[in-house]
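J.: Can you read through this structure? Questions will come right after.
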Amino acid sequence: MEDNSIIQQQTFESILIEIDKVKEKLKDLRIEPKDYYKLIQQLTLVRLHIDSFRF
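21 is the number of the first residue of the sequence shown in the numbering used here; add one for each residue after it.
In structure tokens:
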């Protein structure tokens, strides 16, 4: 059971890292500021939601 928890923790951390990478890459796309901030807001909400599942 403990191994499963470690795997879940690593998975959550990997997902959160990827979300942060996507947020950084969005800066380079030169999209409309309004759209950029909407995307960042949504990614932040997803990140917080995923982070709330961590043990």
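In this text, a Cβ means the ideal position worked out from N, Cα and C, and glycines have one as well.
1) Between which two residues does the alpha helix (DSSP H) harbouring Asp-48 extend?
2) Measure the Cβ-Cβ separation of Leu-63 and Ile-37 and say whether it is below 8 Å.
3) For the putative contact between Leu-46 and Leu-59, defined by C-beta atoms under 8 Å, what is the C-beta separation to the nearest angstrom?
T.: Answer, in terms of the structure:
1) Note, Asp-48: premise wrong, no alpha helix (DSSP H); not H, not E.
2) no
3) 6 Å
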